[in-house]
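Colleague: The structure that follows is given in the form of structure tokens.
Residue numbers (UniProt numbering): 1 to 314.
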């Protein structure tokens, strides 16, 4: 079966995908194609460059070495300009571009070892834009350009931003490329994750799903949460639509409730937790059931929400 890995976005929680990828490869589940969005596009690029045990080991090392200043530089004047409406972003993307240039194992998308697709959003039309060849750096930076935080990136005649709004979990694209089996590697899920742990003192807190039912306190927080909810809803629909068109799996991932998406402090612990949870799940993994409404982890929920689609598996 032609196997695709789909890697959605998730900012610094992309570290989770390094752990999930390690478990998959160790269990013999290697990708024929990879499709990524936002932080998932970075991981997809590194995996496409070396889809082996050695490659995912390097990916884990990269995530553990990343620091906030590498990607999210604090620039007071930019932030002030953004707050005053004098700029359409609050952070520059030069740090991300420089870091990618220094770490990416190839310069063109079509130089990867396996087919790679990078997803971005056309800021004018709202369409998903897919890149599979040509220079690697512009589409990867565009795919990670969180709206309002980083500036839009012009590629050709299009102004592009983060791929999440148009195709947060681009399963459909993988199926269109001939994937018969798809593994989704999320940047967060419903598995418990121990945060702020001090094992010497035996203390820590467990992050679990669902999150507390209290709204964010800031305008930006509410806007971000609303955008996140829209992307989760679209991802659930994409899973429902494609569960009958391919053998679809959603790899279990740790909950990131209460963690900052702009901090790398928990990267190592998230990688290890994801690695263990995916490794335990794989021997008895079952695909997402066709014709059922599912939650973000691919588990069935109220059938009244299901999309009816009887298309056969290709």
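Idealized CB from N, CA, C, for every residue including glycine.
Report all residues from its chain with a CB closer than 7 Å to the CB of residue 103; omit the five preceding and five following residues, and keep chain order.
Modeller: Contacts found: 62.
Colleague: Taking only runs that begin and end inside the region 93-146, name each unbroken beta strand (DSSP E) of 3 or more residues, in chain order.
Modeller: Counting whole runs of 3 or more residues, the region 93-146 contains the beta strand (DSSP E) stretches 116-122, 128-131.
Colleague: Expressed to the nearest angstrom, what Euclidean distance is found between the alpha-carbon atoms of residue 167 and residue 9?
Modeller: So the alpha carbons of these two residues sit roughly 10 Å apart.
Colleague: Would the region 119-138 count as touching the region 148-160 if we require 3 or more Cβ pairs under 8 Å?
Modeller: Short answer: they touch.
Colleague: So the alpha helix (DSSP H) residue 22 belongs to, where does it begin and stop?
Modeller: First-last of the alpha helix (DSSP H) with residue 22: 15-26.
Colleague: According to DSSP, simplified to helix, strand and coil, what is residue 238?
Modeller: Three-state DSSP puts residue 238 in a helix.
Colleague: Pull the bridge partners of residue 162 from the DSSP assignment, please.
Modeller: DSSP, once it has assigned bridges, lists 120 as partnering residue 162.
Colleague: What is the DSSP secondary structure of residue 185, reduced to helix, strand or coil?
Modeller: Residue state, collapsed to three classes: coil.
Colleague: Ends of the beta strand (DSSP E) at residue 47?
Modeller: Not the beta strand (DSSP E): residue 47 falls in the alpha helix (DSSP H), residues 39-49.
Colleague: At which residues does the beta strand (DSSP E) containing residue 247 begin and terminate?
Modeller: Its beta strand (DSSP E) spans residues 247-250.
Colleague: Over the uninterrupted beta strand (DSSP E) stretch that includes residue 3, give me the two end residues.
Modeller: Where residue 3 is concerned, the enclosing beta strand (DSSP E) stretches over 3-7.
Colleague: Indicate the three-state DSSP secondary structure (helix, strand or coil) for residue 301 in the structure shown.
Modeller: Residue 301: coil per DSSP, three-state reduction.
Colleague: Using the three-state DSSP reduction, which class does residue 279 fall into: helix, strand or coil?
Modeller: In this structure, residue 279 counts as helix in the three-state DSSP scheme.
Colleague: Identify which residue in 265, 241, 46, 52 has its Cα closest to the Cα of residue 116.
Modeller: When only C-alpha atoms are compared, the closest one is 46.
Colleague: Assign residue 67 to one of two classes, buried (16 or more other C-beta atoms within 10 Å of its C-beta) or exposed (fewer than that).
Modeller: Its Cβ having fewer than 16 others within 10 Å, residue 67 is exposed.
Colleague: My guess is that residue 49 and residue 113 are in contact by the Cβ rule of under 8 Å, so how many angstroms apart are they, rounded?
Modeller: That belief holds up - the Cβ atoms of residue 49 and residue 113 are roughly 6 Å apart, short of 8 Å.
Colleague: Identify, in the order they occur along the chain, each residue of the same chain with its Cβ nearer than 6 Å to the Cβ of residue 178, setting aside the five sequence neighbours on each side.
Modeller: 2, listed in sequence order.
Colleague: Would a C-beta distance cut-off of 8 Å place residue 243 and residue 20 closer than the cut-off?
Modeller: It is not a contact, given that the beta carbons lie outside the stated cut-off.
Colleague: Using DSSP's beta-bridge definition, name the partner residues of residue 33.
Modeller: Answer is 4.
Colleague: Quick one: Cα of residue 149 to Cα of residue 224, how far?
Modeller: Looking at the two C-alpha atoms, the distance is approximately 11 Å.
Colleague: Just the Cα atoms here: how many angstroms apart are residue 226 and residue 275?
Modeller: The straight-line gap from Cα to Cα measures roughly 30 Å.
Colleague: Under three-state DSSP, which class holds residue 232?
Modeller: Residue 232: helix per DSSP, three-state reduction.
Colleague: For my contact list, residue 141 and residue 100 are in at a C-beta cut-off of 8 Å; report their separation, rounded to the angstrom.
Modeller: Between residue 100 and residue 141 the Cβ distance is about 7 Å, and since that is below 8 Å, they are a contact.
Colleague: Throw me the rounded Cβ distance for the residue 185 and residue 42 pair, which I believe falls under 8 Å.
Modeller: In fact, because the Cβ distance is near 13 Å, the residues do not count as touching under 8 Å.
Colleague: Roughly how many whole angstroms lie between the Cα atoms of residue 121 and residue 143?
Modeller: Rounded to the nearest angstrom, the two C-alpha atoms are 7 Å apart.
Colleague: Between which two residues does the alpha helix (DSSP H) carrying residue 175 extend?
Modeller: Taken as a continuous stretch (DSSP letters only), the alpha helix (DSSP H) holding residue 175 covers 171-176.
Colleague: Distance, Cα to Cα, residue 106 vs residue 32?
Modeller: Distance between the alpha carbons of residue 106 and residue 32 is about 18 Å.
Colleague: According to DSSP, simplified to helix, strand and coil, what is residue 153?
Modeller: Reduced to three states, the DSSP call for residue 153 is strand.
Colleague: What residues in its chain sit with their C-beta under 8 Å from that of residue 263, if we drop five residues either side in the sequence?
Modeller: The residues are 12, 68.
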